[in-house]
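Under the working numbering, the first residue of the sequence shown is numbered 687, with each subsequent residue one higher. By construction, the Cβ of each residue, glycine as well, lies at the ideal position given by its N, Cα and C atoms. Data first, discussion second: the structure below is written as C-alpha cells.
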Amino acid sequence: MNTTPSMTFERADAAASGSQFEPKPATGSFQTVEPRIEITAPLGERYEEILTPEALAFLAELHDRFAGTRHELLAARLQTRVDAANGRDPKFLPETEWIRDDSSWRVAGAGPGLEDRRVEITGPTDRKMAINALNSGAKVWLADQEDATSPTWPNVIEGQLSLFDALRDRLEFTNPEGKQYRVTAEETPTIVMRPRGWHLVEKHLKFHDRAGRAMHASGSLVDFGLYFFHNAQALIAAGRGPYFYLPKLESHHEARLWNDIFVFAQTRLGIPQGTVRATVLIETIQAAFEMDEILYELRDHCAGLNAGRWDYIFSIVKTFRSRGRRWVLPDRKAITMTVPFMRAYTELLVATCHKRGAHAIGGMSAFIPNRRDPEVTARALAAVSADKRREAGDGFDGTWVAHPDLIPTARAEFDAVLGDKPNQLDRLRDDVHVTAAELLDIPSIGGEVTEGGVQDNISIGIRYIESWLRGTGAAAIDNLMEDAATAEISRSQVWQWLNENTVTAEGTRIDQTSIVRLMAAAVAELPRFEGDRFDDAISVFRTVALEPEFPTFLTVGAYARFL
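Right under this line is the structure:
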C-alpha cells in the first residue's frame, strides 16, 4: 500500500503571485490536514528553481516522517545537559557493549570519489567561495551550510543554487569590481555537503503537520532535502554520489535518525540503498563515548568520522561549565591538540575508525596565511605543517584546511606518510586503549587564564558575531579563520570564567566589573564602519556570555532575533 501523503503548498510571499492553496482534510477517522511546507520569505532571483513544488513535497514528507523524532532527540539532549550539570559524567554505554565488542561488522566505507581524502577544504557555499574551493586542488570540498555559513535566507537558498550550478558545469561569478570567477580545474574536489545541526531551524519555511499545527522547518531537513532532491541523480551520473558531513551529533540515536532519513530518501527517489555516504563529525564529548555505536547505526551509509576539534572544545566547556574550578580551562590558545584529553579523543577516533573500515579525518587548522605579510604566513605554514605531521603520523587518512594556500603544506605531510596509498586504513592502532577517565581528564591540562586571553575572547566573539550578522559565517580575524565553533569557545569560556570567579594570572578576579572594563577596551578598538552590526553583536555577546542562563548555542537566539 502506498502510504506517501499527497502534499499541498502555500506560498506566503508576494513573489508567489498570490497563489494560495487551502489545506484539504485528509480522509480517515480523525479530521486531519495534509502536511505542507509554507514559504514565508520573499523569493529572490532563481529561488523557484530550488523551491519547486516537487522539492517542497519532498521536504514535507521528510518533516511528516521525521520531525517528531527530531523533537524527541532534542528533548533527550536537554536531559543529558541536566545530568551533566548534576555531576553525572558521560560514559561508555553498558547496553551497547555488544556493539563495541563485536569485531565482525564494518561500515560501507568510501564511495566513488572518496577513496583518497588526504586534504579537504572547508568553506561556505556562496558562489565565489564555491569556485575557489572547486579550483583549490583539494581532494574533497566540505560545502558548508553550517558553521561557516550565516543562515540568512539568501545564503541558504543561493548556497543551494551554487551547488546546483556547480554540478551542471555552469557555476560562475562576477564581483562588483567586474572580476570574473569560473571553475577552471581539470579535476575538482568531491563535494561533501554539511547541513545544519539538529538544533537549528529554518524560520523562512514553515511545516504544517497533519493536525494543522505550524512550526519552523528543521534546518537539517531543509539543507539535506533540497540538496539531495535536486542533485543526487546528477552526482551519481558524474561518478560520485550524494555525500554528507553530519554535525553536532550527541548520541547514536541521532545517527540512527539520519540513517532512517537516508533509507527513506533513497527509496523515495529510486536510488539504490547504500548510495549515500556520511561522515560524522565527532565534536561533542557525548559522541566521543559512542563512536562505535554511531558507526554501527550508519554502517550501510558511513564513510568515516572527523575530529571536529573546535566544537569538541566548546562541548567540553559547555558540558562541565558549572562543575567547579577544577574543570575551568585556560586561555583558548593553550588548549592544543597535544593536551591529554584531546590526545585521548583523537587516538580513540583513529583506532575506532580503522577497526571498522572507516576513514579518520583530522581537524581544521584555523591558521590562515596573509599574502601581504610574509612573517605571518611563515608562522601559519609552520603551525599547519606541525599539526598535519602529527595527524598523519597518528594514522589519520586526511585532514581539513580552511584556505587554499594551506593545501600544499598539508598535502606534503600526508604524502610523506601515505605515498601512493589513498589512505592508511590498514593501520589498526591496536596499541590504543583509551579509558573514560582519559577522555575526561580535563583538570590535568593546567595553564593560566590571563587578562589578554579574556580580552581576546571578548574581541573575537564580538567581531565574529558582527560578521555573522552581516551574513558572513567564516571570518578572518587576527590571522585565524573564525567560524561559529571558535566563537562558541570564546563566549563560553568567558561565561565559565565569570561564573567560577576565576582569578587571572595577573591577579584580577573575573567578575562583572572586570568584564565590563575589558569589554569597553575591546569595543573602543572595534573597526567601526557604515552599516556595521557591532551594536547588535555586543548585545548578542552580552546575552550569551554575561547572563546567568547559558544559551546552548549563540546562533539560536541571534538567528531568531536578527536573521
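Q.
According to DSSP, simplified to helix, strand and coil, what is Leu1092?
A. helix
Q. Comparing alpha-carbon positions, which option in Arg1149, Pro862, Leu943, Tyr867 lies nearest Ser848?
A. Tyr867
Q.
So, under 8 Å CB-CB, Gly809 and Ala1160 are touching, yes? Tell me the CB distance rounded to an integer number of Å.
A. 6 Å
Q | Length of the line joining the Cα atoms of Gly1049 and Ala993 | A | 5 Å
(Q) Am I right that Arg880 and Gln959 are in contact with their C-beta atoms under 8 Å? What's the rounded C-beta distance? (A) Wrong, their Cβ atoms sit about 23 Å apart, outside the cutoff.
Q: Tell me Phe893's beta-bridge partners as DSSP assigns them.
A: Ile723, Met901
**Q.** Cα-Cα separation between Asn861 and Ala852, rounded to whole angstroms
**A.** 18 Å
Q | C-alpha gap between Arg985 and Tyr931, whole angstroms | A | 15 Å
Q | Closest by C-alpha distance to Phe778, when choosing among Arg786, Ala771, Asn772 | A | Arg786
Q.
What does the alpha-carbon distance come out to for the pair Thr876 and Ser1008?
A. 42 Å
(Q) So if DSSP puts His1045 in a beta bridge, which residue, or which two residues, is it bridged to? (A) Gly990
Q: Determine, using beta carbons only, whether Phe859 and Lys825 come nearer to each other than 7 Å.
A: no
Q. Which value, in whole angstroms, describes the spacing of the CA atoms of Ala1069 and Thr1229?
A. 34 Å
Q: Identify, in the order they occur along the chain, each residue of the same chain with its Cβ nearer than 6 Å to the Cβ of Pro776, setting aside the five sequence neighbours on each side.
A: Ile971, Gln972, Phe975
Q | Nearest residue (CA-CA) to Arg774, options Ile725, Leu1126, Ser836, Trp1154 | A | Leu1126
Q) Name the DSSP bridge partner or partners of Gly809? A) Ala829
Q.
Quick check: the Cα distance between Leu991 and Thr1199, rounded to an integer number of angstroms?
A. 43 Å
Q: Give the straight-line distance between the Cα atoms of Ser1130 and Gly845, rounded to the nearest whole angstrom.
A: 43 Å
**Q.** Residues bridged to Ile771 [DSSP beta-bridge criterion]
**A.** In the sequence under discussion, the amino acid at residue 771 is Ala, which differs from the Ile named in the question. DSSP lists no partner for Ala771.
**Q.** Top-ranked residue by Cα proximity to Met1023, from Asp1080, Cys988, Arg1219
**A.** Asp1080
Q) What did DSSP end up calling Glu731 once you bin it into helix, strand or coil? A) coil
(Q) Which residues does DSSP list as the beta-bridge partners of Trp1086? (A) Glu806, Met1050
Q. In three-state DSSP terms, what is Thr718?
A. strand
Q. For Pro798 versus Arg995, is the C-beta spacing smaller than 7 Å?
A. no
Q: Just confirm the distance between the C-beta atoms of Val966 and Phe948, as a whole number of angstroms; I'd bet it's less than 8 Å.
A: Contact doesn't hold; Cβ gap of about 12 Å is too wide.
Q) Just how far apart, CA to CA, sit His987 and Phe1248? A) 37 Å
Q: Could you check if Pro1016 is buried or exposed, using at least 16 other CB atoms within 10 Å of its CB as the buried criterion?
A: buried
Q: Please state if the CB of Ser906 and the CB of Arg942 are separated by a distance shorter than 7 Å.
A: no
(Q) Can you find the residues in the same chain that come closer than 6 Å, C-beta to C-beta, to Tyr998, ignoring five residues on each side of it along the sequence? (A) Glu969
Q: Just the C-alpha distance for Ile807 and Gly898, rounded to the nearest angstrom, thanks.
A: 43 Å
Q: Please state whether DSSP places Glu976 in a helix, a strand or coil.
A: coil
Q. What residues in its chain sit with their C-beta under 6 Å from that of Pro928, if we drop five residues either side in the sequence?
A. Phe914, Ala918, Leu921, Val962
Q) Going along the chain, which residues of its own chain have a beta-carbon closer than 8 Å to the beta-carbon of Thr838, five neighbours each way excluded? A) Gly1157, Leu1249
Q. Helix, strand or coil for Met1023 per DSSP?
A. coil
Q. With respect to the beta strand (DSSP E) encompassing Thr1251, which residues constitute its N-terminal and C-terminal limits?
A. Because the chain spans 687 through 1249 in this model, residue 1251 falls outside it and cannot be assessed.
Q | Limits of the unbroken alpha helix (DSSP H) element including Gln1182 | A | 1170-1185
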